[in-house]
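In the working numbering, the protein residues as written are 468 to 655.
Cβ coordinates follow ideal geometry from the N, Cα and C atoms, glycine included.
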């Protein structure tokens, strides 16, 4: 059973975007927003997924009062309690604009889970040429954090995960990528 669980987790990492794809996606959503081809709400949603590690349910529970835009954090409520996440400084002005007329108890994103997922599917398909799941964004975020911070305990807390199983899967993915890079560099 354990082997099956590990294999399933490994399979789920196959569609995960590289960090350069994440950056490219973010650049393209910003361009669409500036051309007024993407709403501010949708722009924020599409940028929150890959840069915060939030699940859709967590994002939809966010209230204005959960945001501390002075220091760039948000209190996220998940299955195992609440945690604090960091908001990219480049996103704060957009978020401030989006919530300016909301009260502290108002939800930041007033839409259904299906609507949020459809926004993600539409634009990932349009921009990346493939439909990404929210889990793919979470995995890309976790892998990037693990590559830079290198402390699985910190990443696990940031992601709101009880178990360290996924951290091991992320570490294995990083090792495979590193091995592939070394082999390419050696001409093998």
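- Excluding its 5 nearest sequence neighbours in each direction, residue 590 has C-beta neighbours in its own chain below 6 Å: 513, listed in chain order.
- Within the model, the alpha-carbon separation for residue 509 versus residue 497 is close to 11 Å.
- By the beta-carbon neighbour count (other beta carbons within 10 angstroms, threshold 16), residue 522 is buried.
- Burial check for residue 605: the Cβ neighbour count within 10 Å reaches 16 or more, so the residue is buried.
- Contact between residue 559 and residue 540 does not hold, since the beta-carbon distance rounds to 10 Å and is not under 8 Å.
- Taking C-beta atoms as the reference points, residue 571 and residue 530 count as a pair closer than 8 Å.
- Considering only 518, 573, 533, the residue with the shortest C-alpha distance to residue 549 is 533.
- Uninterrupted alpha helix (DSSP H) stretches at least 4 residues long and entirely within the stretch 525–584 occur at 559–566, given in chain order.
- In the structure shown, residue 508 adopts helical secondary structure according to DSSP, grouped into three states.
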